[in-house]
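Residue numbers (UniProt numbering): 1 to 125.
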């Protein structure tokens, strides 16, 4: 008789692992420590490295969630650079942090404020 053990692919949703994972597995502490040490020229503690890693993880998570929402609005399954650009510039806090970020192949965003566009239309009439 044929055994069904190992046959086929398992459903990832039915696995016992949760979606959340440890920040240490996403961002390497040694890399964070090296960057902090090179930029500050000071000694850094493990707690400081962990705090920076958590902050970077939260920023990445916010950008990814926003990019996934932007892709869903266009009925796309693939997140493109333009979705990442939209996610950064739609969110007010991310827009303040990333106002000077240029995403390659991210498309262009409207640099003229909407208030100015309304004034031009009123002036023409």
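All residues carry an ideal CB built from backbone N, CA and C; glycine is no exception. What you are looking at is a predicted structure, and each value in this text was computed from that prediction instead of being measured.
Relative to residue 79, the option among 67, 88, 85 whose CA is nearest is 67. For residue 42, the three-state secondary structure derived from DSSP is coil. Following the DSSP letters along the chain, one finds residue 94 inside the alpha helix (DSSP H) bounded by residues 92-97. Under the three-state reduction of DSSP, residue 100 is assigned to coil, being neither helix nor strand.
With a cutoff of 8 Å on beta-carbon distance, residue 52 and residue 23 are scored as not near each other.
Taking the Cβ atoms as the reference, residue 54 lies roughly 21 Å from residue 84, outside the contact range of under 8 Å. Residue 60 sits in a helix when the DSSP states are folded into three classes. When secondary structure is reduced to three states using DSSP, residue 77 falls in the coil class, being assigned neither helix nor strand.
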